[in-house]
Amino acid sequence: QQQVKQSPQSLIVQKGGISIINCAYENTAFDYFPWYQQFPGKGPALLIAIRPDVSEKKEGRFTISFNKSAKQFSLHIMDSQPGDSATYFCAASMSNTGNQFYFGTGTSLTVIP
Amino acid sequence: NAGVTQTPKFRVLKTGQSMTLLCAQDMNHEYMYWYRQDPGMGLRLIHYSVGEGTTAKGEVPDGYNVSRLKKQNFLLGLESAAPSQTSVYFCASSSPGQFVYGYTFGSGTRLTVV
Numbered sequence: 112q113q114q115v116k117q118s119p120q121s122l123i124v125q126k127g128g129i130s131i132i133n134c135a136y137e138n139t140a141f142d143y144f145p146w147y148q149q150f151p152g153k154g155p156a157l158l159i160a161i162r163p164d165v166s167e168k169k170e171g172r173f174t175i176s177f178n179k180s181a182k183q184f185s186l187h188i189m190d191s192q193p194g195d196s197a198t199y200f201c202a203a204s205m206s207n208t209g210n211q212f213y214f215g216t217g218t219s220l221t222v223i224p
Numbered sequence: 016n017a018g019v020t021q022t023p024k025f026r027v028l029k030t031g032q033s034m035t036l037l038c039a040q041d042m043n044h045e046y047m048y049w050y051r052q053d054p055g056m057g058l059r060l061i062h063y064s065v066g067e068g069t070t071a072k073g074e075v076p077d078g079y080n081v082s083r084l085k086k087q088n089f090l091l092g093l094e095s096a097a098p099s100q101t102s103v104y105f106c107a108s109s110s111p112g113q114f115v116y117g118y119t120f121g122s123g124t125r126l127t128v129v
């Protein structure tokens with residue numbers, strides 16, 4: 112059973128556009144929600160993360176929006192660039208379980224010039 | 016460079032063969048993990064360790080064994096490989112005092128079982 116559900120599976124965006132990836136979870140014990148970025152042939156790398164006590168976190172062109180009551184969170188990439196083309200994974204974790212993360216199924220983002 | 020190193024990077028096995036994947040980290044992290052990545056399935060946790068000499072099962076542990084004899088190393092073993100174990104395997108590490116930094120992942124091992 113997938114603990115974290117991610118959509119869409121793939122996304123194509125024009126350069127300069129906004130990319131939006133959505134995730135949903137059921138377990139209210141999750142208290143940490145990171146996003147990872149993975150380029151082909153590489154391991155995932157932490158992009159940005161949020162805790163449920165805030166509704167939004169922004170780092171440069173990347174923003175996480177968090178809706179605790181709906182148990183949903185999303186990644187917004189503003190002014191998308193071809194270099195952003197990668198696979199993005201959302202994840203969730205409970206801080207008292209050995210930092211064990213549950214990952215979404217991934218979104219393949221392609222930004223076309 | 017500091018980080019997580021996985022060996023080998025590629026391997027082809029015949030059904031029934033055994034092998035060990037090695038993960039080494041030089042960041043003095045307490046926690047280490049083995050994930051497998053399959054198309055449309057995301058990353059699924061196989062086994063993890065919260066310290067030297069300790070291991071625990073993740074979501075998909077069947078067919079795998081692990082050992083953490085030294086803090087810096089985490090070994091993943093396949094005793095009798097099956098085609099269903101064809102996947103990309105990632106090792107990761109983290110520290111309980113650096114939770115917000117998430118995982119540091121290795122670059123992966125692509126395993127094909129024929």
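Residue numbers (my numbering), protein chains in the order written: chain R, 112 to 224; chain L, 16 to 129.
Quick reminder that beta carbons are idealized off the backbone N, C-alpha and C, glycines included.
query	result
Three or more C-beta pairs closer than 8 angstroms, one from the region 29-40 of chain L and one from the region 210-222 of chain R: is that the case here?	no
Can you give me the start and stop residues for the beta strand (DSSP E) that glutamate 170/R sits inside?	167-170
Is it a yes or a no for the region 143-160 of chain R touching the region 185-203 of chain R, going by three-plus beta-carbon pairs under 8 angstroms?	yes
Got a sec, what are the start and stop residues for the beta strand (DSSP E) glutamine 148/R sits in?	144-149
Run through chain L and tell me which residues come within less than 8 angstroms of phenylalanine 200/R, C-beta to C-beta.	Gly57 and Leu58
Using the Cα positions of cysteine 118/L and threonine 221/R, report the straight-line distance between them to the nearest angstrom.	Checking the sequence shown, residue 118/L turns out to be tyrosine, not cysteine. One C-alpha to the other measures close to 25 angstroms.
For tyrosine 79/L, which residues in chain R fall below 9 angstroms Cβ to Cβ?	Those do not exist, as tyrosine 79/L stays about 16 angstroms from chain R at its closest Cβ, beyond 9 angstroms.
Taking 8 angstroms as the threshold (beta carbon to beta carbon), is proline 111/L in contact with chain R?	yes
May I have the straight-line CA-CA distance separating alanine 96/L from tyrosine 79/L, to the nearest angstrom?	9 angstroms
Is the beta carbon of leucine 122/R less than 8 angstroms from the beta carbon of isoleucine 132/R?	yes
Closest to proline 98/L by C-alpha separation, out of Ser108/L, Leu60/L, Gln21/L and Ser33/L, would be which residue?	Ser33/L
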